[in-house]
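Here's what the structure looks like:
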């Protein structure tokens, strides 16, 4: 294999930026020059480009893992490029079902069928596919108890259901069979992140990058850098993931949107929009890119366009991350009936998710704290934090406590949510509101100011409240 090929081994980068960053492999080169095939010399997207806590880890556990699944248990493997064309989960399901009619003892076909069902959830949002995936993985393991793809698939299923503790034993079983299995390492990264075990996640993440530089490992490096406040490093790593992803694939579009999200989250809306547009040039109805452009439109004050874009995304894939901001936009527009319809739909979707075995306590807790029953929010948030004590679970618990007028206790968890230095404006907004409620005006001012510095359009629902609170606090300070 020649140096510079997309499937080739990448040389190690000479840098390691702080303890929380990764020593990641250099971008692929050709003729000594770094390949950035979709960018012009000024670093902006060309118009002719052709070809995304709460859902990022699910995407990593599905879209970014499937192209490198082995057909045997022989490891280590060289890095494998993503498929050159889009993977069609439905077609793969039909193909594998036909194969299993002919070869009913093919354990690997059952494992791959399970993966296809997991990926189909991203296509249609139907969480009932999780049950079918589980059945397929169990059939594989009946035939071959050490079928490594089925073991990793069960770990992916556990992540998809937000059973993060349950994913770890499956990853460990896979690693016992195949010690150099990069996808199993990826499961450990994701699970440890969601369980708040960030040091362990970084250690395993570095091992994954060293073993198989590529979209899946670079994307995880980017997320860990982002969690630790290194936004420039996160963008660098995610751009590297984009550079090595095969164009015109779901993996490429997802990664392009992730780069856009990183830019948006630090207030660079125009730059973010270029990446969303690039993904839409590859697939004009890609829901995550449509929602990304909706975020930009909302940030720029164009609610009509934002509603149109979010409506398209939600129609294509009815996820709460699309439906909630759509409801917020309707609410700001005075369209209360439409807003109520969207918020009601979120509850229905979460009930369906629960029926399919998903734990949605943290997501429902935040939704109830913002829109519904504060007492229920607190109950759910405590349960979520007990199961997955991440910084985001701490933030949700702190916010739910504040909504229940237990603000002194809320501050404990709010401070915990900031412990990594994550540059997430919503975390700082929550911390600012809680500090203000406790009478700590200077701390409130600093937190609210930081939220708006990070991203002046961090929330459709709360950004105007943040501005008004900050203005009031600054006026009090100047008196």
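In this note's numbering, the protein residues as written are 397 to 875.
All residues carry an ideal CB built from backbone N, CA and C; glycine is no exception.
DSSP-derived helix/strand/coil call for residue i
i           : result
residue 856 : coil
residue 813 : helix
residue 629 : helix
residue 656 : helix
residue 510 : helix
residue 520 : helix
residue 661 : helix
residue 490 : helix
residue 798 : helix
residue 540 : coil
residue 755 : coil
residue 557 : coil
residue 525 : helix
residue 733 : helix
residue 870 : helix
residue 678 : helix
residue 458 : Bear in mind that the predicted position of residue 458 carries a pLDDT of just 41, short of 50, making it unreliable; the figure below should be weighed with that in mind. Residue state, collapsed to three classes: helix.
residue 783 : helix
residue 562 : helix
residue 641 : coil
residue 766 : helix
residue 711 : helix
residue 501 : coil
residue 834 : coil
residue 741 : helix
residue 575 : coil
residue 818 : coil
residue 609 : coil
residue 616 : helix
residue 344 : Beyond the ends of the chain as shown, which are 397 and 875, falls residue 344; an answer cannot be given.
residue 669 : helix
residue 704 : helix
residue 547 : helix
residue 690 : helix
residue 352 : Not covered by the structure: residue 352. The range shown for the chain is 397 to 875.
residue 749 : helix
With 16 other Cβ atoms within 10 Å as the buried cut-off, status of residue i
i           : result
residue 678 : buried
residue 572 : exposed
residue 464 : Reliability of the predicted coordinates at residue 464 is poor, the pLDDT of 37 falling under 50, and the value obtained from them is presented with this limitation in mind. So residue 464 counts as buried.
residue 366 : Any answer about residue 366 is impossible in this case: the structure gives the chain only from 397 up to 875.
residue 817 : exposed
residue 486 : exposed
residue 744 : exposed
residue 682 : buried
residue 500 : exposed
residue 479 : Only weak support exists for where residue 479 lies, its pLDDT of 38 falling under 50; the coordinates are left without a value.
residue 680 : exposed
residue 579 : buried
residue 860 : exposed
residue 747 : exposed
residue 600 : buried
residue 628 : exposed
residue 561 : exposed
residue 697 : exposed
residue 547 : buried
residue 575 : exposed
residue 541 : exposed
Proximity below 8 angstroms, CB of residue i to CB of residue j
i           : j           : result
residue 809 : residue 855 : no
residue 733 : residue 857 : no
residue 785 : residue 591 : yes
residue 789 : residue 796 : no
residue 532 : residue 506 : yes
residue 338 : residue 534 : Outside the displayed span of the chain (397 to 875) sits residue 338, for which this structure offers no information.
residue 671 : residue 689 : no
residue 699 : residue 729 : yes
residue 692 : residue 668 : yes
residue 598 : residue 614 : no
residue 787 : residue 815 : yes
residue 642 : residue 650 : no
residue 794 : residue 813 : yes
Heavy atom of the ligand SAM within 7 angstroms of residue i beta-carbon
i           : result
residue 576 : This structure lacks the ligand SAM, and indeed carries no ligand of any kind.
Chain C within 8 angstroms of residue i, Cβ atoms only
i           : result
residue 565 : Absent from the structure is chain C; it holds one protein chain and no more.
(request) Mind the definition here: the segment 788 to 803 touches the segment 593 to 612 only if three or more C-beta pairs lie below 8 angstroms; say whether that holds. (result) no
(message) Under 8 angstroms: do the segment 832 to 846 and the segment 701 to 712 share three or more Cβ pairs, one atom per stretch?
(response) no
(message) Would you call the segment 519 to 539 in contact with the segment 743 to 761, where contact means no fewer than 3 C-beta pairs closer than 8 angstroms?
(response) yes
(message) Measuring CB atoms only, is the segment 557 to 567 touching the segment 576 to 589, in the sense that at least three cross pairs come out at less than 8 angstroms?
(response) yes
(message) Under 8 angstroms, with one C-beta from each stretch per pair, do the segment 610 to 625 and the segment 646 to 659 reach the 3-pair mark?
(response) yes
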